[in-house]
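Notes follow the structure.
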Amino acid sequence: MSKNAEVIIVGSGVIGCAAAYYLAKKGTSVIVLDKDESIGNGGSARNGGGVRQSGRDPRELPLAMYAVERLWPNLSEELGINVEYHKEGNLRLGKTKHHMEILQGLTDKAVACGLDVRMIDGKEVRSINPYLSEEVTGASWCPTDGHANPLLTTLGYYREARRLGVAFYTGEEVVELRKIRGKIRQVVTRKNVYEGEKVIVAAGYASRKILGTVGIDIPMSNDLIEALVTEAEPKMFAQMLGTADADFYGHQTDHGSFVFGGASGLETVNKDNGHNMTSGMTAPCICRGIMKYIPKLADAKIVRTWAGYEDVCIDGIPVIGEIEEVPGLIAACAFTGHGFGISPIVGTLLSELAREEKTTLDLSEFRYDRFHAVI
1 MSKNAEVIIV GSGVIGCAAA YYLAKKGTSV IVLDKDESIG NGGSARNGGG VRQSGRDPRE
61 LPLAMYAVER LWPNLSEELG INVEYHKEGN LRLGKTKHHM EILQGLTDKA VACGLDVRMI
121 DGKEVRSINP YLSEEVTGAS WCPTDGHANP LLTTLGYYRE ARRLGVAFYT GEEVVELRKI
181 RGKIRQVVTR KNVYEGEKVI VAAGYASRKI LGTVGIDIPM SNDLIEALVT EAEPKMFAQM
241 LGTADADFYG HQTDHGSFVF GGASGLETVN KDNGHNMTSG MTAPCICRGI MKYIPKLADA
301 KIVRTWAGYE DVCIDGIPVI GEIEEVPGLI AACAFTGHGF GISPIVGTLL SELAREEKTT
361 LDLSEFRYDR FHAVI
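Written as structure tokens, this is what we have:
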């Protein structure tokens with residue numbers, strides 16, 4: 001069991017696994033640590049699989065556009081596993097005048113960044129997806145958005161990273177980061193001490209506590225989101241769906257089942273000592289939305305429901321980059337539920353940072369020091 005590598009990654013979600021893969025592909029030795037006994041058992045195993053550019057903060061949009069244009073189309077071939085990537089559009093739905101105002105604002109910002117997205121009326125919505133109800137009065141339509149399978153994507157990165165020599169150690173809860181002579185050097189778990197020249201912390205909300213052991217605090221919260229999956233239905237549509245209020249999303253999988261997610265707005269207390277516990281009220285709330293948007297699914301049977309947490313940043317975009325106060329430390333967290341779709345490019349960028357290479361894209365908007373007080 002090796003406890004030394006050039007790069008130590010904390011977190012085995014899709015971003016940690018992607019970073020490990022791209023580093024190992026360049027010959028860098030890597031150790032990945034995770035407190036869970038299973039790989040990717042946080043947000044990467046629990047999200048809706050959206051690969052979207054529309055509806056993003058303009059600062060985040062270049063990452064999403066790059067991933068969609070350059071990385072997602074060939075990812076199944078590169079990883080040797082079908083990640084079920086579909087690039088068949090995203091309808092962000094609206095029912096009211098206020099919804100249309102929200103969608104128009106998001107569309108205007110995205111168009112200004114060069115994204116192919118436009119507003120459409122209810123008639124055109126139903127020409128694209130005839131299963132949507134008359135309640136939908138309009139939508140934003142981005143034909144280059146899509147979705148993929150987060151479980152298979154995480155598995156693909158993990159499997160290829162393992163093949164290239166990355167060591168994954170599960171059941172290793174990180175309790176402390178340690179500096180030696182002012183530079184990050186050690187990652188301490190409850191069982192062992194690991195040493196590396198660079199440390200990447202990509203552990204979702206747990207990153208806040210871990211980074212806090214060296215005096216770094218990223219202002220983020222831990223928000224519960226729930227999802228459900230139906231039994232297989234006949235093939236209906238390939239688009240990703242969302243709403244103006246971002247309270248509902250979903251798509252049909254290759255298997256035929258539908259995955260839908262959302263929130264009731266009442267999940268304010270975690271009642272199960274840190275576990276991902278469903279509330280018993282959110283699934284019915286999501287189902288009421290489904291029946292209003294897609295009446296044909298009113299009799300669809302739910303197979304299971306699950307819950308997961310989003311590490312929500314105070315300003316809505318992630319922290320990705322080096323922590324100048326602690327040389328050698330790199331953060332990748334606070335993705336605010338937007339991490340899966342940009343995971344291939346984020347993994348690429350993290351590998352470049354850890355190897356001290358020029359990054360493919362500018363990361364200045366995601367710097368940790370954007371939260372520093374202006375004196």
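Each residue of the sequence shown is one higher than the last, beginning at 1 in the UniProt record's numbering. Where a beta carbon is used, it is the ideal one built from N, C-alpha and C, also for glycine. Remember, it's a predicted structure, so these values are computed and weren't measured experimentally.
Which partner residues does residue i have in the DSSP bridge list?
i	result
residue 221	312
residue 157	DSSP output for residue 157 lists no bridge partner at all.
residue 252	258
residue 36	According to DSSP, residue 36 bridges with nothing at all.
residue 329	199
residue 10	33 and 201
residue 228	260 and 305
residue 41	None, per the DSSP bridge assignment.
residue 194	187
Assign residue i to one of three DSSP states: helix, strand, or coil.
i	result
residue 212	helix
residue 81	coil
residue 324	coil
residue 203	coil
residue 119	strand
residue 186	strand
residue 169	strand
residue 241	strand
residue 68	helix
residue 109	helix
residue 346	helix
residue 289	helix
residue 59	coil
residue 22	helix
residue 46	coil
residue 139	strand
residue 97	helix
residue 90	strand
residue 369	helix
residue 75	helix
residue 335	coil
residue 353	helix
residue 102	helix
residue 298	coil
residue 317	coil
residue 146	strand
residue 124	helix
residue 178	strand
residue 52	coil
residue 152	helix
residue 359	coil
residue 28	coil
residue 246	coil
residue 16	helix
Once the 5 residues before and after residue i are set aside, which same chain residues still bring their CB inside 8 Å of it?
i	result
residue 87	51, 68, 72, 73, 144, 145 and 146
residue 355	23, 26 and 28
residue 370	315
residue 304	228 and 229
residue 3	31, 192, 193, 194 and 195
residue 301	230 and 231
residue 172	33, 34, 35, 189, 190, 191 and 192
residue 116	142, 143 and 144
Roughly how far, in whole angstroms, is the beta-carbon of residue i from the beta-carbon of residue j, given that I think they are within contact range, below 8 Å?
i	j	result
residue 309	residue 236	Wrong, their Cβ atoms sit about 30 Å apart, outside the cutoff.
residue 137	residue 122	5 Å
residue 219	residue 313	7 Å
residue 120	residue 350	Rounded, the Cβ-Cβ distance is 37 Å, inconsistent with contact.
residue 174	residue 319	Not confirmed; about 17 Å, so no contact.
residue 232	residue 204	With a Cβ gap of about 31 Å, residue 232 and residue 204 do not count as contacting.
residue 19	residue 202	7 Å
residue 149	residue 84	4 Å
Short of 7 Å in beta carbon distance, which residues of its chain neighbour residue i, apart from the five on each side in sequence? Order them along the chain.
i	result
residue 178	185, 186 and 188
residue 92	54, 55, 103, 139, 140, 242, 243 and 244
residue 109	58
residue 36	170
residue 15	202, 332, 339, 343, 346 and 347
residue 326	179, 184, 214 and 216
residue 129	91, 237 and 239
With a CB to CB cut of under 6 Å and the five nearest residues on each side skipped, what residues in its chain are close to residue i?
i	result
residue 90	52, 54, 142, 145 and 240
residue 364	none
residue 34	12 and 170
residue 238	86 and 88
residue 317	57, 59 and 60
* Asked: Contact between the region 18-35 and the region 161-169: three or more CB pairs below 8 Å?
  -> yes
* Counting Cβ pairs, one atom from each stretch, are 3 or more of them under 8 Å apart for the region 330-345 and the region 59-67? -> yes
**Prompt:** With contact counted as at least three CB pairs below 8 Å, one residue from each stretch, are the region 41-60 and the region 304-324 in contact?
**Reply:** yes
How do the region 244-262 and the region 293-303 stand: do at least 3 beta-carbon pairs fall below 8 Å, yes or no?
yes
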